[in-house]
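The sequence shown lines up with residues 8 to 85 when you count with this note's numbering.
Each residue gets a CB set at the ideal place from its N, CA and C atoms; glycine is no exception.
Data first, discussion second: the structure below is written as structure tokens.
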Amino acid sequence: MSRVCELTGKKAMVGNNVSHALNRTKRKFNANLLKKRFYIPEEDSWITLKVSTSALKTINKIGISAAIKEAKSKGFLK
8 MSRVCELTGK
18 KAMVGNNVSH
28 ALNRTKRKFN
38 ANLLKKRFYI
48 PEEDSWITLK
58 VSTSALKTIN
68 KIGISAAIKE
78 AKSKGFLK
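In structure tokens:
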């Protein structure tokens, strides 16, 4: 499975490891993702999403239903 947030679309970035001698080697910065179950009261069901920690803060702020609606409108969630 790819390491992509299902609500925000965040994914891995590419960068460099930089040594003390300024040698650069490629590396990957992965998104901080968690697999989390959410209860949706409108549908009376549970849903499992792979979300970033920043998406969790958004869910706490606006609610899971609004977050899912926003993700669907942006095309991150089917």
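Residue i - DSSP class collapsed to helix/strand/coil
{"i": "LYS57", "result": "strand"}
{"i": "LEU63", "result": "helix"}
{"i": "SER72", "result": "helix"}
{"i": "LYS79", "result": "helix"}
{"i": "ARG10", "result": "coil"}
{"i": "GLY22", "result": "strand"}
Nearest-angstrom Cα separation, counted from residue j out to residue i
{"i": "ARG10", "j": "LYS17", "result": "8 Å"}
{"i": "ILE66", "j": "GLY22", "result": "29 Å"}
{"i": "LYS64", "j": "ILE71", "result": "11 Å"}
{"i": "GLU77", "j": "GLU50", "result": "17 Å"}
{"i": "ASN61", "j": "PRO48", "result": "The amino acid at residue 61 is misidentified as Asn; the sequence shows Ser. Cα to Cα, SER61 sits roughly 22 Å from PRO48."}
Whole-number beta carbon distance between residue j and residue i, since they are thought to touch under 8 Å
{"i": "THR55", "j": "ARG44", "result": "5 Å"}
{"i": "LEU14", "j": "LEU84", "result": "7 Å"}
### Query
For the region 15–29 against the region 37–45, are there 3 or more C-beta pairs whose distance is under 8 Å?
yes
### Query
Hey, which unbroken runs of the alpha helix (DSSP H) at 4 residues or more fall wholly within the region 28–55?
none
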